[in-house]
Structures are given as C-alpha cells and as structure tokens.
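Take a look at the structure set out below.
Numbering (full-length UniProt numbering), first residue to last: 1 to 133.
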C-alpha cells in the first residue's frame, strides 16, 4: 500500500478516511472530491457535517449541516451550534457511526499534505469511543 497524503485522518470501527482537502463534507453521499462517506445509516444525512481548516484559529473545526445532530466528545452539536474546534483524538459520533479525529504528528497543515505524513495513533480500542445519547 502506498503512502497517503492527508491533513488529518478519521478512524473508527466503521470509518477509515483521510482528510486530503482543507474543507470536506461528511455524510451518506459516496466519497468524492471534498466528500467523505461515513456510513449508510438512515440518520446520517447526505451532507451531515463539514470539517474545515480555520486559518484564524489554526485548527480544524466541525460544523453540523443536518437537523440530526452529532456529538464531539459527548457534547451535542446541532445546526444552531457554532463550529467546534477539533483537537487530536477527539471522539466524533454521527448517528451510530463513531470515529476519532487524528492529526499528523507535525501539524498544522502545510499548503499541501506530504506523502510522508505520520498520524498519531489511537491508544484506546475503537469500542471506547461509543458515546451514549
């Protein structure tokens, strides 16, 4: 398997995806340019959330785009919520899909991702990211 060029990684029992652009949409839509497929559950909207790089804050942020909320570290995020800053190893839950947000060992993002990017590992088993409603 070749090296992956990415700014961040989403990793969980059902999700392993790389953020290769500074703005991506997460949802039920099939993966493509600027879109990451995170599952087919009926409570996952086609365009459920957006992860984007805030140059001002020098952090990635997640914003809910759906009437169905999401959770970041057990905190509810809905359409009315402001974007939430993401930190390395934050647990995200969208419907029944849970995953971690992982940053490269050397962040913040460069202008273009490097094929030599290494990501922080997850020390907990994926089952530990289950978040109660």
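The C-beta atom is built at its ideal place from N, Cα and C for all residues, glycine as well.
Keep in mind the model is a prediction, meaning the values are calculated, not measured.
Legend entry - Exposure of residue 9, with buried meaning 16 or more beta-carbon neighbours within 10 Å: buried
Mind checking which residues open and close the beta strand (DSSP E) that includes residue 94?
-> 90-94
### Task
Could you tell me whether the stretch 31-40 touches the stretch 76-87, where touching means 3 or more Cβ pairs closer than 8 Å?
no
*asked:* Here's the rule I'm using: 16 or more other beta-carbon atoms within 10 Å means buried, otherwise exposed. How should residue 104 be labelled?
replied: buried
| Taking all protein chains shown into account, do 16 or more other C-beta atoms lie within 10 angstroms of the C-beta of residue 4, making it buried, or fewer, making it exposed? | exposed
- prompt: Can you give the beta carbon distance from residue 77 to residue 64, rounded, assuming they're within the 8 Å contact cut?
  reply: 5 Å
Let's see if you can read the secondary structure: which residues bound the beta strand (DSSP E) around residue 52?
49-54
Q. Whose CA, out of 18, 68, 55, 11, lies closest to the CA of residue 41?
A. 68
- Message: Please state the DSSP three-state secondary structure of residue 72.
- Response: Correct three-state label for residue 72: strand.
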